[in-house]
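Undergrad: Going by the numbering used here, the final residue of the sequence shown carries number 223, and the count climbs one at a time with no gaps.
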Amino acid sequence: GGELVPDAVNVQGGVIAEDVRPGIPLTEKLGRIFTALAGEVAQSIDVEVRGEITEYDVKVLELAALKGVFADIVEDQVSYVNAPLLAAERGTAVRLVTDPESPDHRNLITIRGTLADGSQSSVSGTLIGINRRERLVELDGFLVDLEPTDHLAFFRYEDRPGMVGTVGQILGEAGVNIAGMQVSRDAKGGKALVALSVDSAVPADVLEAIRTSINAESVRGVDLT
């Protein structure tokens, strides 16, 4: 919720550049997806912004990322003003990292965090074409190409035949319609990630049924409504 461009944000000249604006809602979604994937509050968070967009002041994207990260963690309404305070209260160190070089995308926004056990979690997105369509392009090191629609689900498991069919079958039996599906493989470890956009939220018992059927090591549903 909240207005797209917050008045309370101090940016250079008090104006958010036209090229930066479309990245605000995308970055907030990335923050919410990051929290869903991580399943905990990160010890540290880097908001990495790459590409042409970095010639502008992109501080607002750091705030949008934090707003998304904490939106589903705290009961209170999270704003651009209180999001950095929530991070500070929880001892989460936050950095904004910019790089004018972006090898694969004109602009790329990544939220990368270190968790309590020292492992890392990350999510990346970009805006494509003149209509600036939002795309998820990376999740915890797995490459994907998925629109971040209102309802998403992610399953990570040991790659073996038949798993994707099983996921589709269980969702179909539960009446959950799949809008988009991506299977991404990690060449090194034999792990796979299924990333789904679905037309309605996946109920917890359905997520659990999928977890046991494919012996998933992690199962996450994300509701961005």
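In this text, a Cβ means the ideal position worked out from N, Cα and C, and glycines have one as well.
Everything numeric in this text was worked out from a predicted model, so none of it was measured.
What residue from S122, V18, L113, G219 has the CA that sits closest to H149's CA?
TA: On the sequence shown, position 151 is the one that residue 149 refers to. Closest by alpha carbon: G219.
Undergrad: Can you list, in chain order, the residues of its chain with a C-beta nearer than 6 Å to that of H103? Leave out the 5 residues immediately preceding and following it.
TA: On the sequence shown, position 105 is the one that residue 103 refers to. Cβ neighbours of H103 beyond the five flanking positions: T124.
Undergrad: Should the segment 91 to 102 be called in touch with the segment 49 to 68, which here means at least 3 C-beta pairs below 8 Å?
TA: Flag = yes, the segment 91 to 102 and the segment 49 to 68 touch.
Undergrad: Specify the secondary structure class of A81 as computed by DSSP and reduced to three states.
TA: By one-based count along the sequence shown, residue 81 stands at place 83. The answer is helix: DSSP assigns A81 an H, G or I state.
Undergrad: Note the first and the last residue of the continuous beta strand (DSSP E) segment covering T112.
TA: As a first step, residue 112 is located in the sequence shown; it is residue number 114 there, counting from the start. Note, T112: beta strand (DSSP E), 105 to 112.
Undergrad: For G66, count the other beta carbons within 10 Å of its own beta carbon; 16 or more makes it buried, fewer makes it exposed. Which is it?
TA: One-based indexing of the sequence shown puts residue 66 at position 68. It counts as buried.
Undergrad: Taking the DSSP output, what are the residues bridged to M161?
TA: Looking up residue 161 in the sequence shown gives position 163. DSSP output for M161 lists no bridge partner at all.
Undergrad: Only counting the same chain, and skipping five residues up and downstream in sequence, which positions put a Cβ closer than 8 Å to that of Q41?
TA: Working through the sequence shown from its first residue, we reach residue 41 at position 43. Hits under 8 Å: G89, T90, A91, G111, T112, L113, A114.
Undergrad: For A28, collect the residues of the same chain with a Cβ closer than 7 Å to its Cβ; drop the 5 residues on either side in sequence, then sort them by chain order.
TA: On the sequence shown, residue 28 is found 30 positions in, with the first residue counted as 1. Residue 28 is actually Leu in this sequence, not Ala. Here the set comprises A63, G66, I107, I109, V121, G123.
Undergrad: Hey, would you say I71 sits closer than 8 Å to V39, going by beta carbons?
TA: As a working note, residue 71 is residue 73 in the sequence shown. As a working note, residue 39 is residue 41 in the sequence shown. Yes.
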